[in-house]
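Visitor: The structure is given below, and queries will be raised subsequently.
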């Protein structure tokens, strides 16, 4: 029995190394599988046109850059 | 963070109240049909179940969403209304999203050249005012110490009768009218007209206690009393000195321009008794003793003169009296400055050097300078520093005097002032005749409304002294009767000093009328003082009406109406018209103004202003031009404020006054005042010839070659009138029609605008002449600014060296004490060793009732507090967050939280001035009208502030008094 | 590579830090302030300089700043504790905890398969003795049932995501977990009351007795299958009582209550600590309870009967609790006389 | 692919709390729940800095890792959102989050946590865009209107930047360079995780 226990322990310890996380920062999605959320461009305003949405977001982003407006 | 279950006893109560207010059942049932949209919202949105749920939560998400009018954009169209924030003078534009008459969203206006979409806490939360749960909802009357709801009809009838009674009994001067700096320009203007037709000069507004010393001091130095440049123009500054201004908390969006400038290399210098959020962004910070601004400035100027850093040519050409200043300045050797201020030679040398080597350098001041017994002298010291450095009239330089309220500039320019008609015309008969002509009423008729011609031309009591107008012995005051009635029209009582005495004054009145969306501070004080004789009328906010508003940089913006007036409230000008009806002069009031449903047209009112305000150039900003600017904000350059192309091409944003001549003349507005590098028709200018052409044999006109660009007269010249035009041979440049109107007139009274047109457009000259600025203002008590210790000082040695003025007998109709108070309190520092100063918090504005009623803001500042240095606190056994009593020589004591912080020095305490609703330890909740009390209440610092008034304008002293703090 | 492993939030912190460091470095470069500060430092009551360089170090250490947002720890910009907590909980606690549980279950299974149920060596007499009063049994079952529910719902919080969710799916699982949390919170209170009652009810019979020494020496006869004479409760049961119910039970209650009332001005650190303690204690008490349940059910013949009905056969009493049996007999005789 | 990020420039932040009230305004967050807060370090002392903080929408979000019911998810834009229908209010995300982002309205007699609430980057939640449900549970969905979070859009000094990580980092970098410093800090290109293939990685200057 004790042999078995030791073997088990070794196996488990050994395997625990596999629990180590990926060494690079990765963008994790998680295992969420609840309600789906639509894409932000899939609505009346953008009618699924992603590039239109991208442009809109980029333009809004530049609004936060007062230097661009001031244009010194 | 988790919500605390009960973070404070008051919290629990607040939660209950808030949720009650959300349920809305208590008052929605009483609401008349006029506001059915709202009632509908309440009823449909919040059922019984949600209400029950809400009683447990501070705000349940769902419940709140419903109550506010939920925002998802359904099928109904969303309208965008462009308006302007009502919380400070920066003039931040706001796009309001309105659906079915409900304000559902607030979008930043990136196009605005003033704020580029940016907002501080207040600006980001204005939408709440469009829902205003804690607002006054109906007219109310104090009966037996409790406020009761009454109808508008009853209210107006009773108020009208009582006021007319008082007028009959005690004369028109027995009523005191306090206007507002939150009225728009048109309302402010109408109020001055209204009060004139009532027959008194006893009217005033916040500007008295905020920038009156600036206006008087600065206008007497170089012509106009306004901020010379703009927030935007500060981007061109190479160095900026903030003194007595905490822009980061008082004008946060201004910091957008300032920090942008800083990143482009501008040096930021902050001198303040308190290490403010602005100081945190400074390259140099110097702490000094409150009230010693003049020694500080002279200390800086000492190094300027000593090192020959002054702009000698500029001074020769454009400044009068600098040598007298120099004499005074050189007395302030570094050791003396150190003794008075606590600032070292090295520190001040560094500032002088930075300002001198980084020109154009700009200077910013606010209430830290103005609210002193010598405020007028302090602001002039600033002007002198800028004149010495040659910074005035330069882009990137200037005296940037940040105004407080959103329209305090406009209300000062054309609103209820006790010593002037709109446009700083004064109250001499000539001014009255000018305005009588504009108003289309008979001068004699106005005169009849007054007690006498003498009273008509005598400046009224100031708002800072109305309490003495009630309490002072009749023989001591310079009018027939004491004040019997006071009308609080958009003003907070806790903004004024000597709160304890104000309570006595309220007790002594016959009638107190409060007109405000949030009248609660006045209402509560009144209910504490008396059992009856108080009326409250619900006014609409500026989001519920239209009109123009003048930002600190003198730009005018037009507000669209976002929503209809909430509850039973009415816009101020409607209330004015209804009261005028009771007094029988509504026809005279609106002779040139169309009235629809008792509402005078704001557009017509502005056109009338355009017809009369030649002095300060409120004549070019027609409603049409302003509306065009609001629509085309994106065409304006941020640094210059000038439109590049588009329908407003070449104009400056908001047509910053002076925008001379008629709208048809198309003056573009003046972005920076007195700027000789530009043609007058490009917004250029020079110092004003307002004080004669010579003084004691010295020429006051500007030196040769120092006129504005392209002017036909390249030397100093006096202001234009029909005589000068004829002498110059320019008279025939006028049209025949203009000649008729201009004959015998000057540029300020020529109703055709012809003199201005010819001077500016034809000959490139400035209608107000071209003179020198006055470093020595001979008509003021101290022509050259002199340091005088505050009346309550902790330094008896300094009192001996720098004593205050002598007492004055009749000053704005009031006896005013200086020396007698100072001498009596010379040793007050023994008992009250700490200097008490006050200031702003970013979350609140002014007296704070409106902002403390806004849950989004109120949550962030839930208690009144006093900032005290760890050293001072430890000496008193006080720890952070302890309750303390703050005591002052008035006998008042305030129970507040101690905030132990290094922000203040060990000799100074700071209290924010926005709180009210606690009275020396007592919560005044029971005195408030039901459902109209602010969410956060606390001790008002001004309950405890002491006596002290400026020697020119009657500005109150709030920034330097004394106190003691003990553990509660 | 190992360095990069740090979680991205840490990078986010660093990012915030960069802005700060940049700012402070910048401030430090400006020539004016230091001189000024020194000048000011000479004077009493003048602001001393805040070491700008140290700002970020303090932030990382969780030193609070000031904020107008009310609440506990709102002034803390970055709290470093969360990651530690996460690493402990999702590392050793989960891993060794589940390992321990598995080991215990395996051990019991092995034991049972080798030894089988411990049966009575003599025939039951048919005469019974009252071993547990109604009150005692009520208390036991109150605690036992609430414990089992707590163990299941709690275990689900810790491991359900790995064990149950893949099986029953996301939606059902989150509903179950939500219910579980509700039940856990509610029964936690019931258990707390029950455990206290249990301690009060049974503590007398669990006090040390010299005979326990014998029991310890023989290790309870567990392996030798020898009956060691004991009083009402043998030393094994006493261990369970004092360690399981007494120590761990109270630890569970204390840490659990603190988690139950998150609004009592608790810091995150306190809650994190409580959670870890709760989890560890839960694992241990659960493992012990497995032993107890085993012995009380299929491990020992007649044991379950005793707590279900409250009565035991004289034979059972004699074999398992000789001294107690003698006491009872004495009592009876005494009464009879 | 736009990857949404917040960035607060402490050199600019003046603690005006505009972001805090903008959030309250836009999402009608109840009293006591603050999705965003501004923290001032070294208050009242030279060197004082303020930073606005909310959910940082981490790539490897600790909240997501510790959630016992896995109610968190990343949108394609890198926004960390959660499903309130699933949330059981256990508080683990609050324990794990270094920024103190998760908030809990009080619920029930014990003052227990209600369902967690946090900054959504103004991206609503797992409900139909612009629906009543979405607004009640999560606040406004500005991203679906092609707009960015109101806190960042309204920031008084443009200290708080929000939006596509590339765009905000460019804005910040330009500013930092103009201030005369900043090149060396560009080690944080990886701060927000590895860019997806095909996207431009912010340049590492040092």
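Chains as they are written, first to last, in our numbering: chain F, 53 to 124; chain X, 793 to 1760; chain H, 44 to 380; chain U, 400 to 605.
From the three backbone atoms N, C-alpha and C, an ideal C-beta is built for every residue, glycine too.
(1) Please state whether DSSP places residue 1321/X in a helix, a strand or coil.
(2) Tell me whether residue 864/X is buried or exposed, calling it buried when 16 or more other Cβ atoms sit within 10 Å of its Cβ.
(3) Note down the Cα distance separating residue 1360/X from residue 1205/X, rounded to an integer number of angstroms.
(4) Note down, in chain order, every chain X residue with its Cβ under 9 angstroms from the Cβ of residue 417/U.
(5) Would you report the Cα separation of residue 531/U and residue 524/U, rounded to the nearest angstrom?
(6) Of the residues 1730/X, 1071/X, 1646/X and 1634/X, which one's Cα is nearest the Cα of residue 880/X?
(7) At least one CB of chain F closer than 9 angstroms to the CB of residue 106/H: is that the case?
(8) With a threshold of 16 other CB atoms inside 10 Å of the CB of residue 304/H, please say whether the residue is buried or exposed.
(9) Identify every residue that forms a DSSP beta bridge with residue 1192/X.
(10) Which residue wins for smallest C-alpha separation from residue 1712/X, given the options 1608/X, 1719/X and 1731/X?
(11) Compare the Cα-Cα distances from residue 1014/X to each of 1067/X, 1184/X and 899/X and report the closest residue.
(12) Using alpha carbons as the reference points, say which of 1005/X, 933/X and 1016/X lies closest to residue 1465/X.
(13) Check the C-beta distance from residue 1325/X over to residue 1302/X and give it rounded, since I have them as a contact under 8 angstroms.
(14) Can you tell me whether residue 845/X is helix, strand or coil according to DSSP?
(15) When you compare only the Cα positions, how much space is there between residue 1231/X and residue 1350/X?
(16) Of the choices 1705/X, 1718/X and 1073/X, whose alpha-carbon is the least far from that of residue 1288/X?
(17) Do residue 1546/X and residue 1533/X have their beta-carbon atoms positioned less than 9 angstroms apart in this structure?
(18) Along the chain, which unbroken stretches of the beta strand (DSSP E) at least 3 residues long are found entirely within the region 149-194 of chain H?
(19) I need the boundaries of the beta strand (DSSP E) containing residue 1689/X, first residue and last residue.
(20) Can you find a C-beta in chain F that's less than 9 angstroms from the C-beta of residue 200/H?
(21) In terms of alpha-carbon separation, which member of 461/U, 543/U and 485/U lies closest to residue 223/H?
(22) Could you check whether residue 1261/X and residue 1568/X sit closer than 9 angstroms to each other, using their CB atoms as the reference points?
(23) Going by other Cβ atoms of all chains shown within 10 Å of its Cβ, with 16 needed for buried, is residue 168/H buried or exposed?
(24) Taking residue 1327/X as part of the beta strand (DSSP E), name the residues at either end of that continuous run.
(25) Quick check on the burial criterion: 16 or more other C-beta atoms within 10 angstroms. Buried or exposed for residue 1315/X?
(26) Buried or exposed for residue 559/U, going by 16 or more other Cβ atoms inside 10 Å?
(27) For residue 1729/X, which option in 1708/X, 1393/X and 1743/X has the closest C-alpha, if you only look at C-alpha atoms?
(28) Distance, Cα to Cα, residue 488/U vs residue 197/H?
(29) Within 9 angstroms of any Cβ in chain U, is that where the Cβ of residue 99/F sits?
(30) For the putative contact between residue 1111/X and residue 1551/X, defined by C-beta atoms under 8 angstroms, what is the C-beta separation to the nearest angstrom?
(31) At a CB distance below 8 angstroms, what residues from the region 1011-1027 of chain X approach chain F? Give them in sequence order.
(32) Pairing CB atoms from the region 355-368 of chain H with CB atoms from the region 530-549 of chain U, are three or more of them under 8 angstroms?
(33) Run through the region 1470-1547 of chain X for me and flag every whole alpha helix (DSSP H) of 4 or more residues, listed as ranges in chain order.
(34) Mapping the DSSP letters down to three states, classify residue 244/H as helix, strand or coil.
(35) Tell me whether residue 517/U is buried or exposed, calling it buried when 16 or more other Cβ atoms sit within 10 Å of its Cβ.
(36) Just to check my reading of the structure: residue 977/X and residue 1199/X have Cβ atoms closer than 8 angstroms, yes? What is that Cβ distance to the nearest angstrom?
Guide: Considering the structure as presented:
(1) For this step, residue 1321/X is matched to residue 529 along the second chain. In this structure, residue 1321/X counts as helix in the three-state DSSP scheme.
(2) Locating residue 864/X in the second chain gives position 72, counting from the first residue. Interpretation of residue 864/X is limited by its pLDDT of 49, a score under 50 that renders its predicted location unreliable; no figure is taken from the coordinates.
(3) Position 568 of the second chain, counted from the start, is the residue given in the question as residue 1360/X. Position 413 of the second chain, counted from the start, is the residue given in the question as residue 1205/X. Residue 1205/X has its alpha-carbon roughly 31 angstroms from the corresponding atom of residue 1360/X.
(4) Position 18 of the fourth chain, counted from the first residue, corresponds to residue 417/U. 910, 911, 912, 913, 914, 915, 916, 917, 1044, 1045 and 1634, listed in chain order.
(5) As a working mapping, residue 531/U is identified with position 132 in the fourth chain. As a working mapping, residue 524/U is identified with position 125 in the fourth chain. Their Cα atoms are separated by approximately 12 angstroms.
(6) Your numbering for residue 880/X matches position 88 in the second chain. The shortest C-alpha separation from residue 880/X is found at 1634/X.
(7) As a working mapping, residue 106/H is identified with position 63 in the third chain. No, residue 106/H does not count as interfacial toward chain F.
(8) The residue you call residue 304/H lines up with position 261 of the third chain. Exposed: under 16 other Cβ atoms inside 10 Å.
(9) As a working note, residue 1192/X is residue 400 in the second chain. DSSP, once it has assigned bridges, lists 1156/X as partnering residue 1192/X.
(10) Walking along the second chain from the start, residue 1712/X turns up at place 920. Out of 1608/X, 1719/X and 1731/X, 1731/X has the C-alpha closest to the C-alpha of residue 1712/X.
(11) Position 222 of the second chain, counted from the start, is the residue given in the question as residue 1014/X. Looking at the Cα atoms, 1184/X is the closest of the given residues.
(12) Sequence index remark: in the second chain, residue 1465/X carries index 673 (1-based). Comparing Cα-Cα distances from residue 1465/X to each of 1005/X, 933/X and 1016/X, the minimum goes to 1016/X.
(13) In the second chain, the residue the question calls residue 1325/X occupies position 533. In the second chain, the residue the question calls residue 1302/X occupies position 510. With 8 angstroms as the limit, residue 1325/X and residue 1302/X qualify as a contact, their Cβ atoms being about 6 angstroms apart.
(14) For this step, residue 845/X is matched to residue 53 along the second chain. Since pLDDT at residue 845/X reaches only 29, below the 50 mark, its modelled position is unreliable, and no value is offered.
(15) Translated into the one-based positions of the second chain, residue 1231/X becomes position 439. Translated into the one-based positions of the second chain, residue 1350/X becomes position 558. Between residue 1231/X and residue 1350/X, the C-alpha separation is close to 23 angstroms.
(16) Stepping through the second chain from its first residue, residue 1288/X is reached at position 496. Among 1705/X, 1718/X and 1073/X, the Cα nearest to that of residue 1288/X is on 1705/X.
(17) Here residue 1533/X is taken as the residue at index 741 of the second chain, counted from 1. Here residue 1546/X is taken as the residue at index 754 of the second chain, counted from 1. Cβ atoms of residue 1533/X and residue 1546/X: closer than 9 angstroms.
(18) Taking only runs of at least 3 residues, the beta strand (DSSP E) segments lying wholly in the region 149-194 of chain H are 171-173.
(19) Taking the first residue of the second chain as 1, we reach residue 1689/X at position 897. Run containing residue 1689/X: 1685-1692, per the beta strand (DSSP E) assignment.
(20) Within the third chain, numbered from 1, the residue matching residue 200/H stands at position 157. So no, residue 200/H is outside the interface.
(21) One-based indexing of the third chain puts residue 223/H at position 180. It is 485/U.
(22) The residue given as residue 1568/X occupies position 776 in the second chain. The residue given as residue 1261/X occupies position 469 in the second chain. Result no, Cβ atoms of residue 1568/X and residue 1261/X do not sit closer than 9 angstroms.
(23) Translated into positions along the third chain, residue 168/H becomes position 125. Its Cβ having fewer than 16 others within 10 Å, residue 168/H is exposed.
(24) As a first step, residue 1327/X must be located in the second chain, where it is residue number 535. Under the DSSP assignment, residue 1327/X falls in the beta strand (DSSP E) whose first and last residues are 1326-1330.
(25) Position 523 of the second chain, counted from the first residue, corresponds to residue 1315/X. By the Cβ neighbour-count rule, residue 1315/X is buried, with 16 or more other Cβ atoms within 10 Å of its own.
(26) Start at 1 with the first residue of the fourth chain, and residue 559/U comes out as number 160. Buried, because 16 or more other Cβ atoms sit within 10 Å of the Cβ of residue 559/U.
(27) Within the second chain, numbered from 1, the residue matching residue 1729/X stands at position 937. Residue 1708/X is the option with its Cα nearest to residue 1729/X.
(28) Looking up residue 488/U in the fourth chain gives position 89. Looking up residue 197/H in the third chain gives position 154. Those two C-alpha atoms are separated by around 14 angstroms.
(29) Your numbering for residue 99/F matches position 47 in the first chain. For residue 99/F, the answer is no, since every Cβ of chain U falls outside 9 angstroms of its Cβ.
(30) Translated into positions along the second chain, residue 1111/X becomes position 319. Translated into positions along the second chain, residue 1551/X becomes position 759. 24 angstroms between Cβ atoms; not a contact.
(31) The residues in question are 1027.
(32) no
(33) 1514-1520 and 1528-1534
(34) The sequence position of residue 244/H within the third chain is 201, counting from 1. It is helical.
(35) Along the fourth chain, one-based indexing puts residue 517/U at 118. Its Cβ being crowded by 16 or more others within 10 Å, residue 517/U is buried.
(36) Walking along the second chain from the start, residue 977/X turns up at place 185. Walking along the second chain from the start, residue 1199/X turns up at place 407. Sure, about 7 angstroms apart at Cβ, within 8 angstroms.
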